[in-house]
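Structure record follows, encoded as structure tokens.
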Amino acid sequence: MADLKDFAEQLVNLTVKEVNELADILKEEYGIEPAAAAVAVAAGGGAAEGGEAAEEQTEFDVILKAAGGSKLAVVKLVKELTGLGLKDAKDIVDSAPKAVKEGVSKDEAEGIKKSLEEAGAEVELK
Numbered sequence: 001m002a003d004l005k006d007f008a009e010q011l012v013n014l015t016v017k018e019v020n021e022l023a024d025i026l027k028e029e030y031g032i033e034p035a036a037a038a039v040a041v042a043a044g045g046g047a048a049e050g051g052e053a054a055e056e057q058t059e060f061d062v063i064l065k066a067a068g069g070s071k072l073a074v075v076k077l078v079k080e081l082t083g084l085g086l087k088d089a090k091d092i093v094d095s096a097p098k099a100v101k102e103g104v105s106k107d108e109a110e111g112i113k114k115s116l117e118e119a120g121a122e123v124e125l126k
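If you use UniProt numbering, the sequence shown corresponds to residues 1 to 126, in order.
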């Protein structure tokens, strides 16, 4: 039982890069194909829509729309970005669409969005 807890702890502490390497190893050496990652390309340019350019938005909410194919990587990243525990981060990912961060600057919101999309998640800024 202790070995499984240690193994689980190692999995939870993997970086996004390590998770991707693990997926490659599972696929190439063991024939286990990870679920196909969802295309996380946001439609549109991210600029204010509807001609509301007169008043520029200063605070943004980062909304996780879907975890995509690499759920474990997304959970770990949400955990790191929010400072929450593993269970709380998993609950956010499982209850998508859900706000990951609210009321953050445009630069921070775009950075979080980029990180989550690189991990395979679908993300929206509001």
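Note that beta-carbon positions come from the ideal geometry of N, C-alpha and C, so glycine has one too.
- The beta carbons of Leu77 and Ala23 sit no closer together than 9 Å.
- Taking 9 Å as the cut-off, the Cβ atoms of Val74 and Leu116 count as close.
- Closest in C-alpha terms to Ala89, from the list Glu29, Lys71, Gln57, comes Lys71.
- Per the coordinates, the alpha-carbon of Lys113 lies some 13 Å from the alpha-carbon of Lys98.
- Annotated three-state conformation of Glu122 is strand, per DSSP.
- Counting the other CB atoms within 10 Å of its CB gives Lys126 a total below 16, which places it among the exposed residues.
- Contact annotation: Val62 and Val12 have beta-carbon atoms that are not nearer than 9 Å.
- Leu64 is bridged by DSSP to Lys98, Val123.
- Rounded to the nearest angstrom, the gap between the Cα atoms of Thr82 and Tyr30 is 34 Å.
- DSSP, read as helix, strand or coil, puts Gly103 in strand.
- Residue environment analysis places Leu4 among the exposed positions, since fewer than 16 neighbouring C-beta atoms fall within 10 angstroms of its C-beta.
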